[in-house]
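Visitor: Chains as they are written, first to last, in my numbering: chain A, 1 to 396; chain B, 1 to 385; chain C, 1 to 229.
#1: Given a cut-off of 8 Å on the beta-carbon distance, is the pair residue 111 of chain C and residue 86 of chain C in contact?
#2: Cα-Cα, which of A/343, A/197, A/387, A/255 is closest to residue 104 of chain A?
#3: To the nearest whole angstrom, what separates the beta carbons of residue 273 of chain A and residue 8 of chain A, a pair I think is in contact under 8 Å?
#4: Since residue 366 of chain B meets chain C, which of its residues come closer than 9 Å, beta carbon to beta carbon?
#5: Is the CB-CB distance between residue 198 of chain C and residue 30 of chain C below 8 Å?
#6: Are the CB atoms of residue 163 of chain A and residue 120 of chain A nearer to each other than 8 Å?
#7: Is residue 296 of chain B close to chain C, meaning its C-beta is less than 8 Å from at least one C-beta of that chain?
#8: Cβ closer than 8 Å: which chain A residues qualify as neighbours of residue 249 of chain B?
#9: Give the residues of chain C in contact with residue 289 of chain B, contact being defined as C-beta atoms less than 9 Å apart.
#10: Could you tell me how far apart the beta carbons of residue 275 of chain B and residue 314 of chain B are, in whole angstroms, since I believe they sit closer than 8 Å?
#11: Can you confirm whether the segment 150-166 of chain A touches the segment 188-197 of chain A when touching is taken to mean that 3 or more C-beta pairs between the two stretches lie within less than 8 Å?
#12: List, from N- to C-terminal side, the alpha helix (DSSP H) runs of 4 residues or more that fit wholly inside the segment 128-184 of chain A.
#13: For residue 304 of chain A, collect the residues of the same chain with a Cβ closer than 7 Å to its Cβ; drop the 5 residues on either side in sequence, then sort them by chain order.
#14: Against chain B, with Cβ distances strictly below 8 Å, would residue 15 of chain A count as a contact?
#15: Please give the ranges of any alpha helix (DSSP H) in the segment 283-334 of chain A, keeping only runs that are unbroken, at least 4 residues long and fully inside the region.
#16: At a CB-CB cut-off below 7 Å, which residues of chain C make contact with residue 292 of chain B?
#17: Please check the pair residue 73 of chain A and residue 258 of chain A, which I expect to be a contact at CB under 8 Å, by giving their CB distance rounded to whole angstroms.
#18: Less than 8 Å between the CB atoms is what I'm expecting for residue 133 of chain B and residue 100 of chain B, so what's the real figure, rounded?
#19: Please determine if the segment 51-64 of chain A and the segment 314-322 of chain A are in contact, where contact requires at least 3 C-beta pairs separated by less than 8 Å.
#20: Please list the partners that residue 300 of chain B has in chain C, where partner means a Cβ-to-Cβ separation under 9 Å.
#21: For residue 403 of chain A, is the classification buried or exposed, using 16 other Cβ atoms within 10 angstroms of its Cβ as the cut-off for buried?
#22: Leaving aside the five residues before and after residue 179 of chain B along the sequence, list all residues of the same chain whose C-beta is less than 7 Å from its C-beta, in chain order.
#23: Starting from residue 344 of chain A, trace the alpha helix (DSSP H) in both directions and tell me its first and last residue.
#24: Given a cut-off of 8 Å on the beta-carbon distance, is the pair residue 368 of chain A and residue 313 of chain A in contact?
#25: Report buried or exposed for residue 1 of chain C, applying the criterion of at least 16 other Cβ atoms within 10 angstroms of its Cβ.
#26: Using 8 Å as the limit for Cβ to Cβ distance, is residue 43 of chain C near chain B?
#27: Run through chain C and tell me which residues come within less than 9 Å of residue 13 of chain B, C-beta to C-beta.
#28: Let me check you understand the geometry: is the CB of residue 116 of chain C closer than 7 Å to at least one non-hydrogen atom of the ligand ATP?
#29: Within 10 angstroms of its Cβ, does residue 176 of chain A collect 16 or more other Cβ (buried), or is it exposed?
#30: May I ask you to list, following chain order, the residues of the segment 26-38 of chain B that have a beta carbon less than 9 Å from some beta carbon of chain A?
#31: Check residue 80 of chain C in the structure and name its three-state DSSP category.
#32: To the nearest angstrom, how far is it from the Cα of residue 139 of chain C to the Cα of residue 292 of chain B?
#33: Below 6 Å CB to CB, which residues in the same chain sit around residue 49 of chain A once its five sequence neighbours on both sides are set aside?
#34: How big is the Cα-Cα spacing for residue 28 of chain B and residue 362 of chain B?
#35: For residue 363 of chain A, does the count of other Cβ atoms within 10 angstroms reach 16, so buried, or fall short, so exposed?
#36: Please go through the same chain and pick out, in chain order, the residues whose beta-carbon is closer than 7 Å to the beta-carbon of residue 372 of chain B, but skip the five residues on each side of it.
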């Protein structure tokens with residue numbers, strides 16, 4: 001047993017030392033695998049980044065109420081009376097006598113994207129005073145908060161970076177109304193940063209929405225209060241709501257696009273991996289044939305076929321691993337943190353997010369690389385082990 | 001091509017190697033076909049957009065509604081041949097994830113405007129006569145297995161009915177299709193009159209107008225005239241060509257075309273490496289044979305041509321198979337995705353580009369080995385053997 | 001045996017290897033009459049292969065002229081030489097150099113791809129050539145399915161298929177056993193005596209040289225005639 005292991009190690013080490021002689025086909029195998037891992041990581045990091053932005057927006061302590069059956073805030077509608085019912089419902093956190101609440105409404109406006117200079121749909125949200133309190137980690141980073149009753153806007157940090165004309169201190173015109181941008185806010189990198197906020201009353205009047213809202217956000221007394229709130233509102237005949245945590249809501253919103261990216265990304269990766277397996281097979285067969293004499297000599301000297309087989313598998317797997325690391329590193333260096341924005345169906349507006357090349361993506365990429373290496377090496381390894389020794393020696 | 005046998009036999013020198021290379025090419029071009037088709041869908045039907053149709057929306061926000069009263073004023077504007085309207089209903093069938101376009105329209109003028117939609121005369125008539133009637137595109141009918149005569153309930157998310165309910169029921173009176181395989185028929189159309197009567201709010205409004213420019217009139221000028229007409233009114237308009245309108249959406253998806261190009265770039269780069277390696281090995285193995293060809297009187301250029309043709313042949317074999325399978329898959333994929341990404345299509349332009357790339361890749365992969373073969377010195381090559 | 005087919009006049013061939021100048025052939029004169037069969041013997045490095053290369057237009061002399069069948073090879077361009085080779089000379093090598101991916105018939109057909117003959121004509125001529133060397137029944141076999149002697153005969157058929165006047169052989173029997181070698185040499189004699197081919201054969205086998213009409217000795221870049229012992 002020990003001798004067998006020694007044999008395997010000796011042959012494997014010899015094989016790896018000789019690798020530089022087969023540089024050409026080895027490089028081909030490495031790059032083939034690197035390309036697969038690179039594309040895999042790049043495409044799926046879009047999904048991850050998008051999810052992260054959407055989901056990090058959602059707080060477990062905040063409940064969002066929209067009209068039942070709405071697929072998003074945009075398609076929901078709540079009256080002022082219904083907002084007051086929510087404010088008084090059990091389970092809602094109170095600050096003194098006041099509920100921590102923000103009833104909101106948003107419209108979609110056209111702003112130009114900086115990179116392409118084309119129009120994009122950006123969410124313009126009207127909020128109440130409690131907007132910062134019902135969300136987590138929202139702070140003003142520049143300028144100040146807007147004053148109620150005035151045509152003033154604060155812009156989200158990502159929106160400011162991605163779209164033109166949103167600098168603090170400037171004025172922007174939507175339709176027939178001018179708005180002053182008085183500040184910038186950050187929201188922990190979440191989707192809220194892709195938005196423009198103003199006083200909900202001003203927005204309602206500018207867009208002739210009377211006294212209607214689309215959603216209400218409330219801070220829960222405790223994370224267990226959701227059910228209390230939900231039951232109370234469901235039972236009230238004056239309101240027909242969907243009640244969920246903000247986190248749940250945003251997960252639902254993110255689902256469509258991120259599923260779409262995954263539906264494209266995973267099959268794409270599988271197809272590319274199959275191509276990479278063909279490439280690896282090619283390289284390994286060529287490697288085995290180049291090593292023909294060396295293998296025959298080793299066999300004649302008494303090394304068993306198993307050691308030959310394992311040494312070939314190790315070569316193949318090692319090359320694939322190097323490719324996987326190379327592809328992953330490149331994906332990380334090039335794509336991680338790269339900011340893009342895209343249209344999110346349900347909200348009908350832009351979401352700004354970063355590519356997120358996360359650790360688990362890189363690990364998945366390495367798994368893929370290992371699988372490619374194993375498949376690419378198996379058949380050639382078997383051929384190497386079964387090489388007819390006498391014939392190979394005769395050709396010396 | 002009397003050299004074909006020589007080229008073919010040489011290509012298959014090492015059967016396994018050639019087969020694996022062809023399979024790599026096959027995968028690359030299968031990917032190319034699929035990504036091209038999806039990329040095409042993201043262009044949002046820009047290619048099918050009718051050059052003489054204009055879309056009129058509210059200037060401030062796409063989701064704002066326009067007054068119905070604009071209809072006659074638009075119709076009487078100079079340069080306008082015909083007008084119709086539509087609105088976004090935004091409901092779903094049975095489950096929230098079953099979303100697709102539903103528009104309340106004026107049946108006759110809508111089908112007149114969208115002449116690429118084909119519907120049997122009697123079905124259109126039945127639709128017109130039935131206030132609660134509806135027609136759907138064949139893609140939608142196929143997806144949900146609907147037949148004419150079915151009663152279809154649609155859940156409204158925005159449009160509650162005046163009676164408080166949110167389920168709108170329609171009688172399926174017809175199924176329409178589109179001429180153009182690139183376009184999509186993922187739509188449901190029902191009667192605006194019913195919509196107007198039964199909805200709880202926003203009466204007297206529509207989502208957008210579509211007009212056809214009169215022959216010989218300049219679309220841009222007509223657009224400007226219309227917008228001017230409604231400027232400084234409570235509902236200012238933004239009029240653009242159908243193509244520009246479609247593009248305004250696709251551009252919002254960020255640069256899908258760029259991403260697709262980058263992915264394909266990585267794929268083809270790898271492919272060139274694999275094939276280039278195969279070709280150079282193949283040439284290296286038969287230096288003495290190539291030298292013999294030269295002694296027989298094959299001149300340098302012919303030898304170059306023979307090697308290069310071999311490389312191109314391998315690319316064509318794998319590539320045509322890949323494009324072929326890709327085309328078949330796209331047909332099925334388009335149907336699957338019709339509801340949420342319409343217009344998945346492998347265009348003739350993409351196919352031509354693919355074939356061009358096969359030849360280009362064949363040349364690139366084979367050029368260095370071919371030059372080596374061309375330039376080899378007969379004497380040195382034979383002496384080495 | 002009257003007209004001169006090939007003439008070398010004052011031919012020198014010098015190779016520059018880095019700083020070293022190697023003179024492989026030194027002011028050589030040679031006349032080969034039409035229909036002759038000569039053997040050239042000599043130690044390795046003596047320049048005999050270079051001599052063959054010059055006669056076949058595979059190489060150009062550093063000084064002097066080479067003319068074969070009236071064509072002045074030393075002044076022709078590479079593409080002109082290619083064209084000339086395809087119809088005027090046939091090569092036979094020690095290691096046969098058949099294309100392993102083609103059958104015997106298709107190997108023999110190769111030189112004819114450079115002509116204007118249509119497919120049927122090419123196959124007909126290739127079959128005739130195979131017949132002359134006695135391998136008509138092996139037309140569809142691949143080189144790996146043939147013995148050494150058979151491979152060499154296919155190579156000879158390839159060399160004569162476009163009916164060249166000159167055959168150049170470089171150690172044609174070097175890789176064959178005695179009996180097979182004799183068969184090949186007898187075939188060469190038939191080609192010379194019955195088909196009028198002029199043959200120049202380089203060999204280091206004295207017994208092979210006996211099949212030729214006369215033997216020349218090549219040493220240090222010069223030729224001498226030596227009477228057969």
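No residue lacks a Cβ here, since even glycine has one placed at the ideal position from N, Cα and C. Keep in mind that this is a model prediction, so the values were computed, not measured.
Guide: Checking against the coordinates, here is how it stands:
#1: As a working mapping, residue 111 of chain C is identified with position 111 in the third chain. As a working mapping, residue 86 of chain C is identified with position 86 in the third chain. Yes. Within cutoff.
#2: As a first step, residue 104 of chain A is located in the first chain; it is residue number 104 there, counting from the start. The candidate whose alpha carbon is nearest that of residue 104 of chain A is A/197.
#3: In the first chain, the residue the question calls residue 273 of chain A occupies position 273. In the first chain, the residue the question calls residue 8 of chain A occupies position 8. That pair is no contact at about 28 Å.
#4: If you number the second chain from 1, residue 366 of chain B lands on position 366. Result: empty, since nearest Cβ-Cβ is about 17 Å, beyond 9 Å.
#5: In the third chain, the residue the question calls residue 198 of chain C occupies position 198. In the third chain, the residue the question calls residue 30 of chain C occupies position 30. Contact: no.
#6: Within the first chain, numbered from 1, the residue matching residue 163 of chain A stands at position 163. Within the first chain, numbered from 1, the residue matching residue 120 of chain A stands at position 120. Cβ atoms of residue 163 of chain A and residue 120 of chain A: closer than 8 Å.
#7: For this step, residue 296 of chain B is matched to residue 296 along the second chain. It does; some Cβ of chain C falls within 8 Å.
#8: Sequence index remark: in the second chain, residue 249 of chain B carries index 249 (1-based). Chain-ordered, the chain A residues with CB closer than 8 Å to the CB of residue 249 of chain B read 343.
#9: Along the second chain, one-based indexing puts residue 289 of chain B at 289. Those within 9 Å of residue 289 of chain B in chain C are 97, 98, 99, 100, 101.
#10: Here the question's residue 275 of chain B lines up with position 275 in the second chain. Here the question's residue 314 of chain B lines up with position 314 in the second chain. Their Cβ separation, rounded to whole angstroms, is 7 Å, which keeps residue 275 of chain B and residue 314 of chain B in contact under 8 Å.
#11: Result yes; three or more Cβ-Cβ pairs closer than 8 Å.
#12: Look at the segment 128-184 of chain A and you find these whole runs of alpha helix (DSSP H), each 4 residues long or longer: 131-134, 157-162.
#13: Numbered from 1 along the first chain, position 304 holds the residue referred to as residue 304 of chain A. When the five nearest sequence neighbours on each side are left out, the beta carbons in the same chain lying within less than 7 Å of the beta carbon of residue 304 of chain A are those of 7, in order along the chain.
#14: To locate residue 15 of chain A, count along the first chain from 1; it is residue 15. It does not: the Cβ of residue 15 of chain A has no partner Cβ on chain B nearer than 8 Å.
#15: The DSSP assignment places 292-300 as complete runs of the alpha helix (DSSP H) inside the segment 283-334 of chain A, in order along the chain (cut-off: 4 residues).
#16: As a first step, residue 292 of chain B must be located in the second chain, where it is residue number 292. The contacting residues are 97.
#17: If you number the first chain from 1, residue 73 of chain A lands on position 73. If you number the first chain from 1, residue 258 of chain A lands on position 258. Wrong, their Cβ atoms sit about 19 Å apart, outside the cutoff.
#18: As a first step, residue 133 of chain B must be located in the second chain, where it is residue number 133. As a first step, residue 100 of chain B must be located in the second chain, where it is residue number 100. 18 Å between Cβ atoms; not a contact.
#19: no
#20: If you number the second chain from 1, residue 300 of chain B lands on position 300. By Cβ distance, chain C contributes 78, 79, 82.
#21: For chain A, the structure presents residues 1 to 396; residue 403 of chain A sits outside this window and is missing.
#22: Counting from 1 along the second chain, the entry for residue 179 of chain B is found at position 179. Taken in chain order, the residues that qualify are 116, 118.
#23: On the first chain, residue 344 of chain A is found 344 positions in, with the first residue counted as 1. Element bounds for residue 344 of chain A: not the alpha helix (DSSP H) but the beta strand (DSSP E), 339-344.
#24: If you number the first chain from 1, residue 368 of chain A lands on position 368. If you number the first chain from 1, residue 313 of chain A lands on position 313. No, the Cβ-Cβ distance between residue 368 of chain A and residue 313 of chain A is not below 8 Å.
#25: The count along the third chain starts at 1 and reaches residue 1 of chain C at position 1. Residue placement at residue 1 of chain C cannot be trusted, given a pLDDT of 46 that sits under 50; what the coordinates show is reported in the next sentence. So residue 1 of chain C ends up on the exposed side.
#26: Taking the first residue of the third chain as position 1, residue 43 of chain C is located at position 43. Taking Cβ atoms only, chain B never reaches closer than 8 Å to residue 43 of chain C, which makes this a no.
#27: The count along the second chain starts at 1 and reaches residue 13 of chain B at position 13. Residues of chain C passing the Cβ test: 100, 101.
#28: The model depicted lacks the ligand ATP and carries no ligand whatsoever.
#29: By 1-based counting over the first chain, the position of residue 176 of chain A is 176. The residue in question, residue 176 of chain A, is exposed, as its Cβ has fewer than 16 Cβ neighbours within 10 Å.
#30: 26, 27, 28, 30, 31, 34, 35, 38
#31: Counted from its first residue, the third chain places residue 80 of chain C at position 80. Three-state DSSP puts residue 80 of chain C in a helix.
#32: One-based indexing of the third chain puts residue 139 of chain C at position 139. One-based indexing of the second chain puts residue 292 of chain B at position 292. Distance between the alpha carbons of residue 139 of chain C and residue 292 of chain B is about 20 Å.
#33: Counting from 1 along the first chain, the entry for residue 49 of chain A is found at position 49. Apart from the 5 residues on each side of it in sequence, residue 49 of chain A sits with its Cβ closer than 6 Å to the Cβ of 353, 354, 355, 356 in its chain, given in chain order.
#34: Position 28 of the second chain, counting from 1, holds the residue named residue 28 of chain B. Position 362 of the second chain, counting from 1, holds the residue named residue 362 of chain B. Distance between the alpha carbons of residue 28 of chain B and residue 362 of chain B: 13 Å.
#35: Within the first chain, residue 363 of chain A is the residue found at index 363, counting from 1. So residue 363 of chain A ends up on the exposed side.
#36: The residue given as residue 372 of chain B occupies position 372 in the second chain. Once the five neighbours on either side are set aside, the close Cβ partners of residue 372 of chain B are 283.
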